[in-house]
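In the working numbering, the protein residues as written are 1173 to 1233.
Structure first, commentary second.
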Amino acid sequence: MSPRTVWRLNLTGWILFVVSALGFLASTWRARDWVGMFASLAFLVACLAFVLPLWVHRPRN
């Protein structure tokens, strides 16, 4: 597999994690579960912390 393909697969996985975190956040918001909301926000921030360096160091075409 080319480095670009590997990068795309990694990015796709992390984007799915971010979408999942947003879903958890919406669910806890509706339930007014403040502990769950804090945990969902922490999960979202952690996912974004992994996406940022992946995006910055993406392979060039």
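Idealized CB from N, CA, C, for every residue including glycine.
If you're wondering where the values come from, they're calculated on a predicted model, not measured in any experiment.
Residue of the options minimising C-alpha distance to residue i
| i | options | result |
| --- | --- | --- |
| Ser-1192 | Ala-1218, Trp-1206, Ala-1203, Arg-1204 | Ala-1218 |
| Leu-1188 | Arg-1232, Phe-1222, Pro-1231 | Phe-1222 |
Same chain, Cβ closer than 8 Å to residue i, neighbours up to 5 away in sequence not counted
| i | result |
| --- | --- |
| Leu-1226 | Trp-1179, Asn-1182, Leu-1183, Trp-1186 |
| Leu-1220 | Val-1190 |
Cut-off 6 Å between Cβ atoms - residues of its own chain near residue i, not counting five sequence neighbours on either side
| i | result |
| --- | --- |
| Ala-1231 | For the record, residue 1231 in the displayed sequence is Pro; it is not Ala. Hits under 6 Å: Pro-1175, Arg-1176, Trp-1179. |
| Gly-1208 | Thr-1200 |
Flag this pair as touching only if the stretch 1175-1182 and the stretch 1208-1219 have three or more C-beta atom pairs under 8 Å; answer yes or no.
no
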